[in-house]
Structures are given as structure tokens and as C-alpha cells.
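Heads up: the sequence shown begins at 3 in the working numbering, then just goes up one per residue. Just so you know, even glycine gets a beta-carbon here, dropped at the ideal spot from N, CA and C. This one's a predicted model, so the numbers in the text were calculated from it and none came from an experiment. Okay, so here's the structure we're looking at.
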Amino acid sequence: EVARLLKEWGVSMINISNGNPYANPHVVRPAEFPPTDGYHAPEHPLIGVARHFRIASQIQAAVPDIPVVGSGYSWLQDFAMHAAAANVEQGKISIVGMGRATLSQPEFARQLKEEGKLNRKTVCRTFSYCTNLMRTKDHPLGQYPTGCPPFDKEVYDPLWKEAKAKLEEKQKPASE
Numbered sequence: 003e004v005a006r007l008l009k010e011w012g013v014s015m016i017n018i019s020n021g022n023p024y025a026n027p028h029v030v031r032p033a034e035f036p037p038t039d040g041y042h043a044p045e046h047p048l049i050g051v052a053r054h055f056r057i058a059s060q061i062q063a064a065v066p067d068i069p070v071v072g073s074g075y076s077w078l079q080d081f082a083m084h085a086a087a088a089n090v091e092q093g094k095i096s097i098v099g100m101g102r103a104t105l106s107q108p109e110f111a112r113q114l115k116e117e118g119k120l121n122r123k124t125v126c127r128t129f130s131y132c133t134n135l136m137r138t139k140d141h142p143l144g145q146y147p148t149g150c151p152p153f154d155k156e157v158y159d160p161l162w163k164e165a166k167a168k169l170e171e172k173q174k175p176a177s178e
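As C-alpha cells, then:
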């Protein structure tokens, strides 16, 4: 119903995201590892991926003439682009949205175009370092610049070490 209302209001594209990354990160970002200040997901990440795909497909079916951007691909790692291509080919979505996966491989679009596949050594492994950087608000910019510390150590490793120390300090009991 909301998708049809958006169409009536003249919306020209719908970007799908599920949940709230602060309230229920496992819903919006299916991951192998939870954020430092998070919790272990009550479901397997593949269930979250399937939910993303199902909801986007339902919305695309409700408004077939409006491009719908699907998300939730990062956990699929090496298989993300295969699932994305299948979803577009089957008309389940019009556009593929990539989030965390682009932080670990900023050149992923070029890689796909030129090589037909992603670099397996730097594909997003959903470690949640990027999420942790975003969640560490004690920084002059309001949050730490986000990126992928495991795959861009030169830039993000020093930031990650600083942010991690702050996150750990906040999680200590008040009596310490």
C-alpha cells in the first residue's frame, strides 16, 4: 500500500532498507559478526538476506513501473553479484544497491566490468568494523570516517584502533 501511495505522490525511485541499524542491526545488515556494541543475531544471516530480497520483490511487484533498489547483498560475499543479477533478471528489483561491499572493494564495479568477478581476497566478510566506526560518535566529525579496516589497513587501521578503545571504554562497568 505504501509503495502505491509513493507512486501517487510522484516518487520516481524506491530504495529498500529493512529495520534500524541501531535497534536491530541483524535485520538491516545481515552479518557474520555483530557490531562491538551489538548482540549476536537471533537468526542466521541468510534469513535476513532472504527477507531483504522478499520485501524488495514484493514492492517491485506492487509498482512495476517505478525502479526499486534492492539491498542486503553484502553477507553473500563472493555470491552477491550472482544473486543481484538473478534478482534483476527475474524482475524482482530494478537496481542493485551495494553498501558495505563497496567499502571493502571501492573498485568493485570496475572489477566486475573488466574481470567479470570480484577480487575474492578483499570481498566484504561482514566483520562489522565499518559499522563500529560509524557507531563511535566521540570524534570531531560526529562519527569516525567509515571504511574497511581489514582491507584498507593503511587508512583505517589507526582509526579502528582508536575507535575500538573508545567503544571498549564505554562498555566497561561503572565500578571499574
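Just the C-alpha distance for glutamine 173 and aspartate 39, rounded to the nearest angstrom, thanks.
-> Against the sequence shown, residue 173 aligns to sequence position 171. Against the sequence shown, residue 39 aligns to sequence position 37. Looking at the two C-alpha atoms, the distance is approximately 8 Å.
Go ahead and label valine 4 buried or exposed: buried means 16 or more other beta carbons lie within 10 angstroms of its beta carbon, across all protein chains shown.
-> On the sequence shown, residue 4 is found 2 positions in, with the first residue counted as 1. By the 10 Å Cβ count, valine 4 comes out exposed.
In terms of alpha-carbon separation, which member of Gly149, Gln145, Val70 lies closest to phenylalanine 129?
-> For this step, residue 129 is matched to residue 127 along the sequence shown. Per the Cα distances, Gly149.
Arginine 6 burial status per 10 Å Cβ neighbour count (16 or more: buried) | Counted from its first residue, the sequence shown places residue 6 at position 4. Arginine 6 comes out exposed.
Give the single residue among Trp162, Arg122, Pro142, Ala111 whose Cα lies nearest to the Cα of tyrosine 131.
-> Here residue 131 corresponds to residue number 129 of the sequence shown, with the count starting at 1. With distances taken between Cα atoms, tyrosine 131 lies closest to Trp162.
Where valine 29 falls: helix, strand or coil (DSSP) | Along the sequence shown, one-based indexing puts residue 29 at 27. Reduced to three states, the DSSP call for valine 29 is helix.
Nearest-angstrom Cα distance between proline 27 and proline 36?
-> Here the question's residue 27 lines up with position 25 in the sequence shown. Here the question's residue 36 lines up with position 34 in the sequence shown. Using only the alpha carbons, I get a separation of about 8 Å.
Use the C-beta contact count for methionine 15: other C-beta atoms within 10 angstroms, 16 or more gives buried, fewer gives exposed.
-> Counting from 1 along the sequence shown, the entry for residue 15 is found at position 13. Methionine 15 should be labelled exposed.
Give the C-beta separation of tryptophan 77 and valine 51 to the nearest angstrom, bearing in mind that I take them to be a contact with Cβ-Cβ under 8 Å.
-> Along the sequence shown, one-based indexing puts residue 77 at 75. Along the sequence shown, one-based indexing puts residue 51 at 49. That pair is a contact at about 6 Å.
Which residue comes first and which comes last in the beta strand (DSSP E) that contains valine 70?
-> In the sequence shown, residue 70 corresponds to position 68, counting from 1. First-last of the beta strand (DSSP E) with valine 70: 70–72.
Quickly, what does DSSP pair isoleucine 18 with across the bridge? List them, please.
-> Residue 18 sits at position 16 when you count from the first residue of the sequence shown. Isoleucine 18 is not bridged to any residue.
Where are the beta strand (DSSP E) runs, 3 residues long or more, that stay fully inside the segment 108–168, in chain order?
-> none
Beta-carbon proximity list for arginine 102, same chain, < 6 Å, skipping 5 on both sides = Start at 1 with the first residue of the sequence shown, and residue 102 comes out as number 100. Closer than 6 Å at Cβ, skipping near neighbours: Ser76, Cys126, Cys132.
What does DSSP give as the partner residues of valine 98 in its beta bridges?
-> The residue labelled residue 98 in the question sits at position 96 within the sequence shown. In DSSP, valine 98 forms a bridge with Gly72.
Is it buried or exposed for histidine 54, if we count other Cβ within 10 angstroms and need 16 for buried?
-> Numbered from its first residue, the sequence shown carries residue 54 at position 52. When all chains shown are included, histidine 54 counts as buried.
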